[in-house]
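As numbered in full-length UniProt numbering, residues 1 to 518 make up the sequence shown, in order.
To keep things clear, I will list the structure first and then write my remarks on it.
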Amino acid sequence: MSSITENRLHADPSIEGHDPHPRRSALVETDMQRDRAKTIYEKSKPGRRAFVAPELDVPSHALPEKFRRAEPPKLPEIAEPEIVRHYNRLSKRNFDLDTGFYPLGSCTMKHNPKLHERVAALPGNSRLHPLQNPKRAQGALQLMHELQGALSEVAGLPHVSLQPSAGSHGELAGVLLTRAYFEDRGDQRTKILTPDTSHGTNPATVTMGGYEVVKVGTDEHGGVDVEDLRAKADEQVACLMLTNPNTLGVFDRNIEEIAKIVHGVGATLYYDGANLNAVMGRTRPGDMGFDIVHFNLHKTFTQPHGGGGPGAGPIAVSDRMEPYLTKPQVVKRDDGTFDLDYDRPKSIGRLRGFQGNYGVFVRSYAYILSLGSDGLQEASETAVLNANYLLAKLRALGVTEYLPPAYDRLCMHEFVLSGAPMKKELDLRTLDLAKRLLDHGFHPPTVYFPLLVDEALLIEPTETETMETLDLFAEALANILREGAEDPEIARNAPYGTPVRRLDEAGAAKRPVIRQPL
Ligand SMILES: *Cc1c(COP(=O)(O)O)cnc(C)c1O
């Protein structure tokens with residue numbers, strides 16, 4: 001056993017089995033927990049109100065009968081202090097980015113500057129009606145137009161649509177653009193290639209877009225297996241969807257060769273740019289030969305995300321894809337005014353209501369303006385530096401003896417460890433390690449993805465963490481391994497200090513319990 005087993009983690013007095021007064025605390029907790037577990041509907045009491053509207057002092061106009069509800073909606077009836085406590089309590093039981101380090105690989109959980117919230121909340125931004133006549137919404141249109149310009153510059157592609165509202169939605173836009181492009185040429189194609197490292201949304205999008213998914217293998221350096229690609233790239237292939245750096249945190253050095261092969265059969269090259277955190281200002285997908293890129297403003301460009309909240313997945317495209325872009329497009333007219341352009345006969349049409357999540361655009365615009373192009377480049381450089389620092393630290397602490405990097409080379413903004421040796425030697429799974437990290441106050445990294453790596457752990461520290469935080473995280477991993485070498489049962493039953501223990505995660509997704517009264 002290595003140095004890791006020398007100092008055992010001090011037993012945490014708050015964890016089960018170490019409580020000096022187990023019965024007393026158990027009693028107190030049952031009552032509290034019962035109350036805390038109540039839904040807002042269970043707390044409801046008829047007649048309670050948080051807000052009572054003043055008497056109407058204008059003429060009332062009743063809705064026509066046919067639009068009226070037969071019965072009032074079943075909303076919880078609850079007083080304001082109870083509402084505040086309820087949601088405040090829920091928020092504290094959650095683990096979020098403002099709570100602690102959140103190295104969830106592929107998700108780019110970077111700090112979201114609070115300044116952006118203030119800018120997005122300015123009345124001119126937050127109160128603008130989506131149906132406002134474009135002539136009276138010049139500021140908003142200008143902001144969107146300038147954001148398009150900035151994203152175009154980052155991608156190295158000339159045309160941008162802000163409409164798609166998620167990364168996967170941007171992917172769908174890209175696949176639909178590809179379909180429109182080939183249909184316009186009378187060229188019937190049936191397949192889209194995705195590497196076996198790709199994010200799960202890629203093959204899902206391909207299927208949704210009506211194409212057959214064909215997997216491409218990975219070579220020993222973690223990049224696309226170029227020979228496999230060559231064998232599979234034929235005239236039936238419409239597109240290759242690629243992430244570079246990919247979800248292994250590896251930059252594919254063969255990208256020019258890959259672009260040549262794909263363009264050689266007339267197919268489009270799609271860049272899954274959900275995570276641009278390693279490349280901003282350093283390299284551009286357009287320069288690598290990509291035709292279509294999507295951005296996740298809710299990853300790289302600091303829109304807070306998680307829990308399915310508002311996002312944006314704009315796309316940037318090359319000249320040949322431009323005619324098919326979504327409509328309306330935000331444009332600048334010759335007289336210098338901004339407008340919505342509906343005159344797009346070859347467009348794939350509208351992908352969502354209005355222009356997308358405008359507040360997201362404001363936050364990302366604020367981010368880009370406050371950092372400037374040098375700042376964006378520095379953000380990427382620091383993200384890569386932080387990931388490599390953390391990996392080096394894990395090596396120095398001996399953690400990589402049990403959790404070796406899947407690809408032993410310079411990583412980009414994230415890296416993948418394999419928990420296979422840990423499982424073999426300590427009989428601990430990656431899931432156990434992830435759960436035990438919660439007791440150390442860290443959100444676990446992404447686990448069991450990419451699927452290619454056995455017992456995978458995908459770690460993305462981002463540029464907004466201090467060296468001290470990275471050190472503490474590395475030490476926590478070392479401590480968990482040390483503890484596991486002595487008594488693996490502790491991690492196997494973790495977490496102990498969270499509001500809930502181990503969950504049936506698949507069950508929660510497959511059989512959600514809806515406790516709203518019918
Ligand atoms: C997050 C992510 C996506 C999907 O983005 P959503 O906004 O969640 O739909 C796609 N590809 C990669 C590489 C990602 O990290």
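Don't be surprised by glycine CBs; every beta carbon is placed ideally from N, CA and C.
Going along the chain, which residues of its own chain have a beta-carbon closer than 8 Å to the beta-carbon of residue i, five neighbours each way excluded?
i	result
GLY264	ALA233
ASN112	LEU97, THR302, GLN303, PRO304, ARG363
LYS435	PRO444, ALA491, ALA494, PRO495, ARG502
GLU77	SER44, LYS45, PRO46, GLY47, ARG48, ARG49
ARG320	TYR181, ASP291
PRO404	LEU417, SER418, PRO421
ARG24	Caution is warranted here: a pLDDT of 47 is assigned to ARG24, below 50, making its placement in the model unreliable, and no coordinate value can be reported.
SER152	PRO158, HIS159, VAL160, ALA316
GLY100	GLY441, PHE442, HIS443
SER370	PRO113, LEU115
THR190	TYR211, GLU212, GLN236, ALA238
TYR367	PRO113, HIS116, PHE301, THR302
Thinking C-alpha only, which one of the options is nearest residue i?
i	options	result
PHE295	GLY306, ASP287, GLY311	GLY311
PRO158	PRO285, ASP341, ARG363, PHE361	PRO285
LEU452	ALA259, MET144, VAL216	VAL216
GLY167	LEU276, VAL331, SER318, ARG436	LEU276
GLU401	LEU417, ASP343, TYR448, HIS413	LEU417
LEU376	ALA150, HIS116, HIS61, GLU55	ALA150
SER165	ARG282, GLU212, LEU351	LEU351
LYS38	ASP287, TYR87, SER60, GLU257	TYR87
PRO103	LEU122, HIS413, GLY156, GLN138	HIS413
VAL213	GLN236, GLU220, GLN138	GLN236
LYS74	SER106, LEU63, ILE40	ILE40
ALA278	THR108, LEU90, GLU468, GLY507	THR108
ALA140	VAL399, GLY359, GLN163	GLY359
LEU457	ALA155, ASP487, LYS423	LYS423
PRO323	PRO345, GLY308, GLY313	PRO345
ALA379	PHE338, VAL331, THR300	THR300
GLN355	LEU128, THR218, ARG69	LEU128
GLN148	ASP184, TYR365, GLU257	TYR365
ARG185	GLY266, LEU470, PRO64, LEU229	GLY266
ARG89	VAL175, ASP35, GLU117	ASP35
Indicate the three-state DSSP secondary structure (helix, strand or coil) for residue i in the structure shown.
i	result
GLU212	strand
GLY372	helix
VAL362	helix
PHE449	coil
ILE40	coil
GLY170	helix
LYS191	strand
ASP339	strand
residue 522	Because the chain here runs from 1 to 518, residue 522 falls outside it and cannot be looked at.
ARG8	Annotation note: pLDDT 37 at ARG8 (below 50); position unreliable, coordinate value reported separately. ARG8: coil per DSSP, three-state reduction.
HIS86	helix
MET144	helix
TYR271	strand
ALA238	strand
GLN355	coil
HIS294	strand
GLN163	coil
PRO123	helix
SER207	Here the sequence assigns Thr to residue 207, which means Ser is not the residue at that position. Correct three-state label for THR207: helix.
ARG501	coil
GLN138	helix
GLY156	coil
Only counting the same chain, and skipping five residues up and downstream in sequence, which positions put a Cβ closer than 7 Å to that of residue i?
i	result
THR178	ALA238, CYS239, THR268
GLU82	LYS43
PHE415	GLY249, ALA387, LEU391, PRO405, ILE459
TYR448	THR430, ALA456
Whole-angstrom Cβ separation of residue i and residue j, contact assumed at under 8 Å?
i	j	result
LEU410	ASN386	Going by Cβ atoms, the distance from LEU410 to ASN386 rounds to 13 Å, so no, they are not a contact pair.
HIS199	ASP252	Contact flag wrong, Cβ pair sits at about 15 Å.
ASN246	THR197	5 Å
TYR407	LEU242	In fact, because the Cβ distance is near 17 Å, the residues do not count as touching under 8 Å.
ILE315	GLY170	5 Å
GLY223	ASN254	6 Å
GLY105	GLU460	4 Å
GLY484	LEU428	5 Å
LEU340	PRO134	5 Å
VAL399	ALA474	7 Å
LEU131	PHE361	Their Cβ separation, rounded to whole angstroms, is 17 Å, which puts LEU131 and PHE361 out of contact at 8 Å.
ARG230	ILE261	6 Å
Which residues in the same chain as residue i place their Cβ atom closer than 6 Å to its Cβ, once the five residues preceding and following it in sequence are excluded?
i	result
LYS510	none
HIS21	Annotation note: pLDDT 43 at HIS21 (below 50); position unreliable, coordinate value reported separately. If we look at HIS21 and ignore the five residues flanking it on each side, it has no Cβ neighbours.
For ligand 3, is there a heavy atom less than 7 Å away from the beta-carbon of residue i?
i	result
PHE354	Because ligand 3 does not appear in the structure shown, any question about it cannot be addressed here, the ligands present being ligand 1.
Exercise answer, beta-carbon shell around ligand 1 heavy atoms below 7 Å
SER106, CYS107, ALA166, GLY167, SER168, HIS169, GLU171, HIS199, THR201, ASN202, THR243, THR247, ASP272, ALA274, ASN275, ASN296, HIS298, LYS299, GLY311, GLY313
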